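**Student:** After the structure tokens below, expect a handful of questions from me.
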Amino acid sequence: MPRVPAGWLVVLIAAGAGIAGGLLLLRARDDAGRSIVERFARAWERRDYGGMYALLDPARRRSVSRAQFTAAYRRAATTATATGLRTGRLARRRGDWILPVRVRTRIFGTLAGDVRVPVSAGDSRGVVWTRALTFPGLVADGPLQRRTRAPRRAPLLARDGTRLAGSDGTVTDAGAAASGIVGDLGRAKGARARALVAAGFPAGTSVGLSGLEQALDTRLRGRPGGVLLAGARVLARSRPRPAPAVRTSIDPSLEAAAQQALGGQFGAVAVLEPATGEVLALSGIALDGTQPPGSSFKIMTVTAALEAGRVNLDSTFPVRTGADVGGRFLANAHNEACGGDLTESFSKSCNSVFAPLGVKLGGRRLVDVAQRFGFNQAPGVPGAAPSTIPSASRMTGDAEVGASAIGQGRVLSTALGMARVGAVIANGGRRPELTLLHDEPPRLVRATSPRVAGLVRRLMVAVVNGGEGTGSAAAISGRQVAGKTGTAELGAGEPNDAWFVAFAPAPRPKLVVGVLVVHGGFGGDTAAPIARQVLQAGLGGG
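Shown next, in the form of structure tokens:
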């Protein structure tokens, strides 16, 4: 074997070392590039556009601002109606990194493609960014755009399947009785218009602006379709899909009865099916008109007192015209002297009994029971205002606690909210989740025990059928009605609000009614007859 001269051996060793060093340097640069692109991909999945921007090379960060960069990605996501994104395993091709991307969209399905991610050389490495990196399938001179159209809007149906309104929002003859609750169509504005475009609809698509059309808009408008384009090249197509007809819980005959009973008075009527929470009728300001509920709140006060063992049906109370609570005198209606046992005190709605009882219970218990009956919670019906009561820590003292116990102070509710309060007792202590849809699986939440609910039911029956109760104007021959009046004071010299909450037949309730007449005077005089008229329409009877 020939000997290699020592000088050549040194040269060969040096060359080998140089090649190895070069290979190591190339590998190190490849590893650095891979790491940058992998971090870029993970940030993209999280929609962390700030994290993505930080990985751009310095030259690109000088040419495009972070705000412009973020806007480009958000615009692409909105155009494609993207709801999520996942990236795949990196590959190396022609000196660039190839990132597989899958994008889930609302109207085009899942789109898959590769994004070529170049990484700059040198010490300050980073992504050499262009707008083609905002969506798979894009090229530098081909902006992402779409052309979409909305499907035909679904018709609105009544509870019995008859059509209330057609695809163009026109109220049918059958739906005329419910025209006040059907609502109108029109053009969305502001944030709602932007959300509509983000969902894939063309700008200017008609949406529900009020009533059922607004509350059930997402179910009625279907899914848009169209074409997604990268420049002139089609990336995806889809067809508009109309939604099926939406069967609501509204009963046209009860809706007509509620509107007729309220007449021209400013107020509200809400009718529920207690076992399911289905909203059968809404009239006036039933959804969003919040007012102090007055003594109808005592349904919850007496519930809390029975739960806490503070009272029972044999408890007795002194006969007085009112009570001094925390330095504030709270008088009975008409300054009447009342008291006696619990049934008499409840049926005559004695503030002189329930305001001091509220103080004994304390703000915490009052708020707790109210929240179990649905206060301080979203009602579950779009467009409906919540019923509210201040937290115990925000009540200013015994005067406010006592006032809250009789539905005054800062306590507020809608007719719909108080109808749900009545539904808790009608359901044996279970609160229904409200719905505007028919035949949905009912959702019931335990709010109080069956025993306590049964006792409160007996007290509410006495309000209507006890002979001297404040709700006798709601009595129906041959039907046992349970109810509670409310008379809410609004301020010196301002007429009272009139309230009534009722359900019937009391042993096995089918309907619950909440009535509010703003400035209507006394609940037993004004609101109770309205409830009677609506219950008669729903149940029949004299």
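For the sequence shown, the working numbering gives the first residue as 187, with consecutive numbering after it. Using N, Cα and C, we set each Cβ at its ideal position, and we do this for glycine too. Predicted model, so just to flag it, every value in this text is computed and none were measured.
(1) With burial defined as no fewer than 16 other Cβ atoms inside 10 Å of the residue's Cβ, what is the status of Leu242: buried or exposed?
(2) Which whole runs of the alpha helix (DSSP H) in the region 506-562 are 4 residues long or more, in chain order?
(3) What is the DSSP secondary structure of Gln400, reduced to helix, strand or coil?
(4) Taking Cβ positions, are Leu676 and Thr476 nearer each other than 9 Å?
(5) Are there 16 or more other CB atoms within 10 angstroms of the CB of Asn518, so buried, or fewer, so exposed?
(6) Just how far apart, CA to CA, sit Thr434 and Pro460?
(7) Measure the CB-CB distance between Pro565 and Ser577 and report whether it falls below 9 Å.
(8) Considering only residues of the same chain and omitting the five flanking positions on each side of Thr265, which have a CB-CB separation below 7 Å?
(9) With three or more beta-carbon pairs closer than 8 Å as the criterion, would you say the region 399-416 touches the region 378-386?
(10) Measuring straight from C-alpha to C-alpha, what distance separates Thr582 and Leu342?
(11) Pick helix, strand or coil for Ser365, following the three-state DSSP scheme.
(12) Pick from Val289, Thr273 and Gly312: whose alpha carbon is nearest that of Asp282?
(13) Between the Cα of Gly595 and the Cα atoms of Leu602, Glu586 and Ala601, which residue gives the shortest distance?
(14) Pull up the distance between the alpha-carbon of Leu276 and that of Arg290, whole angstroms please.
(15) Thinking just about the alpha-carbon of each residue, which of Ala713, Gly664, Val642 and Gly653 is nearest to the one in Thr671?
(16) Going by alpha carbons, who is nearest to Asp683 out of Arg694, Ala442 and Gly706?
(17) Considering just the uninterrupted stretch of the alpha helix (DSSP H) at Gln445, what are its terminal residues?
(18) If you follow the alpha helix (DSSP H) that Arg338 is part of, which residue opens it and which one closes it?
(19) Among Val223, Arg260, Thr334 and Ala639, which has the Cα closest to the Cα of Val303?
(20) Leu697 and Val457 look like a contact to me (Cβ under 8 Å); what is the Cβ gap, rounded to whole Å?
(21) Flag this pair as yes or no: are the beta carbons of Ser469 and Ala490 separated by less than 9 Å?
(22) Can you tell which of Arg606, Glu441 and Arg349 has the C-alpha that lies nearest to the C-alpha of Ala363?
(23) Check Lys670 in the structure and name its three-state DSSP category.
(24) Going by Cα to Cα distance, which pick from Thr356, Ser353 and Leu382 is closest to Thr334?
(25) Suppose the cutoff is 7 Å on Cβ atoms and the five residues either side in sequence are ignored; what does the same chain contact list for Val638 look like?
(26) In chain order, what residues of the same chain have a beta carbon less than 6 Å from the beta carbon of Leu271, not counting five sequence neighbours either side?
(27) Can Thr320 be considered in contact with the ligand FMN, in the sense that its beta carbon sits closer than 8 Å to one or more heavy atoms?
(28) Output needed for Leu210: all residues of its chain with C-beta closer than 8 Å, excluding positions within five of it in sequence on either side, in chain order.
(29) Less than 9 Å between the C-beta atoms of Leu406 and Ile436, yes or no?
(30) Between Gly397 and Arg629, is the Cβ-Cβ spacing less than 9 Å?
(31) In chain order, what are the residue ranges of uninterrupted alpha helix (DSSP H) at least 4 long that sit wholly in the region 605-661?
(32) Are at least three pairs of beta-carbons, each pair with one atom in the region 659-673 and one in the region 496-505, less than 8 Å apart?
(33) Could you tell me if Gly323 is buried or exposed, where buried requires 16 or more neighbouring beta carbons within 10 angstroms of its beta carbon?
(34) At what residue ranges does the region 683-726 contain a whole run of the alpha helix (DSSP H), taking only runs of 4 or more?
(35) Tell me, which residues are paired with Glu459 by DSSP?
(36) Note down, in chain order, each residue of its chain lying with its Cβ closer than 6 Å to the Cβ of Ala668, except the 5 sequence neighbours on either side.
**Tutor:** According to the data block:
(1) buried
(2) 528-533, 537-547 and 549-558
(3) helix
(4) no
(5) Burial is judged here by how many other beta carbons sit within 10 angstroms of a residue's own beta carbon; Asn518 has at least 16 and is buried.
(6) 16 Å
(7) no
(8) Leu330, Gln331 and Arg332
(9) yes
(10) 47 Å
(11) helix
(12) Gly312
(13) Answer by Cα proximity: Glu586.
(14) 20 Å
(15) Scanning Ala713, Gly664, Val642 and Gly653 for the CA closest to the CA of Thr671 turns up Ala713.
(16) Gly706
(17) Pro438 to Leu448
(18) Where Arg338 is concerned, there is no enclosing alpha helix (DSSP H), given that its DSSP letter is neither H nor E.
(19) Val223
(20) The beta carbons of Leu697 and Val457 sit about 6 Å from each other, so the pair counts as a contact at 8 Å.
(21) No.
(22) Among Arg606, Glu441 and Arg349, the Cα nearest to that of Ala363 is on Glu441.
(23) In this structure, Lys670 counts as strand in the three-state DSSP scheme.
(24) Closest option to Thr334, Cα to Cα, is Leu382.
(25) Thr489, Leu492, Glu493 and Gly615
(26) Glu231 and Val289
(27) Of ligands this structure carries none, so the ligand FMN is not represented either.
(28) With a pLDDT of only 40 at Leu210, under the threshold of 50, the placement of this residue in the model should not be trusted, and no figure is reported.
(29) no
(30) no
(31) 636-651
(32) Touching, no, given that fewer than three Cβ pairs across the two stretches are closer than 8 Å.
(33) buried
(34) As summarised for the region 683-726, the continuous alpha helix (DSSP H) elements at least 4 residues long and confined to that stretch are 709-725, given in chain order.
(35) Glu464
(36) Arg643, Met646, Val647, Phe689 and Ala692
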